[in-house]
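Following this note's numbering, the residues of the sequence shown are numbered contiguously, the last one being 157.
Note that the Cβ used here is the ideal one computed from N, Cα and C, for glycine as well.
Okay, structure first, notes after.
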Amino acid sequence: MTTNLQNAIEKSRRIKMSVRYLGSRAYLVITPAKHEYVVRFENDSKGLRYGRCTCKAGAKRLACYHLPKAALVDTAIQTISH
Ligand SMILES: [Zn+2]
Numbered sequence: 076m077t078t079n080l081q082n083a084i085e086k087s088r089r090i091k092m093s094v095r096y097l098g099s100r101a102y103l104v105i106t107p108a109k110h111e112y113v114v115r116f117e118n119d120s121k122g123l124r125y126g127r128c129t130c131k132a133g134a135k136r137l138a139c140y141h142l143p144k145a146a147l148v149d150t151a152i153q154t155i156s157h
């Protein structure tokens with residue numbers, strides 16, 4: 076796990092964000108500053124999960140703190156639906 080990703084996870088725990096499920100494994104993440112980003116997940120052929128976020132960091136393929144937050148909800152939904 077990279078330091079960037081660890082920092083992103085830590086930040087996602089500190090900051091209170093709300094997550095709404097949009098369907099098709101897409102999630103709307105709303106930050107305390109009312110910024111809205113869409114995180115999408117998909118699994119590759121090996122079943123590994125990939126996420127993409129529409130924020131600036133996400134556009135550069137960097138770990139952002141919206142992704143871990145949405146991942147928690149995605150995990151819950153995947154667990155329920157399986
Ligand atoms: Zn993001």
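Next item on the list: Under 8 angstroms by Cβ, that's how I've got residue 103 and residue 113 pegged, so tell me the actual separation to the nearest angstrom.
Entry: Counting from one through the sequence shown, the residue named residue 103 turns up at place 28. Counting from one through the sequence shown, the residue named residue 113 turns up at place 38. The pair is a contact, with the Cβ atoms about 6 angstroms apart (cut-off 8 angstroms).
Check: What are the boundary residues of the beta strand (DSSP E) that includes residue 93?
Finding: Numbered from 1 along the sequence shown, position 18 holds the residue referred to as residue 93. Residues 93 to 98.
Next item on the list: Scan the stretch 102 to 143 and note each continuous beta strand (DSSP E) run of 3 residues or more that stays entirely inside, going in chain order.
Entry: 111 to 118 and 124 to 128
Checklist line | Assigned exposure category for residue 108 - 16 Cβ within 10 Å defines buried | finding: As a position in the sequence shown, residue 108 is number 33, starting the count at 1. Burial call: exposed.
Note to self: Just checking residue 112 against ligand 1 - is the residue's beta carbon closer than 6 angstroms to any of the ligand's heavy atoms?
What the structure shows: Translated into positions along the sequence shown, residue 112 becomes position 37. It does: the Cβ of residue 112 is within 6 angstroms (strictly closer) of some heavy atom of ligand 1.
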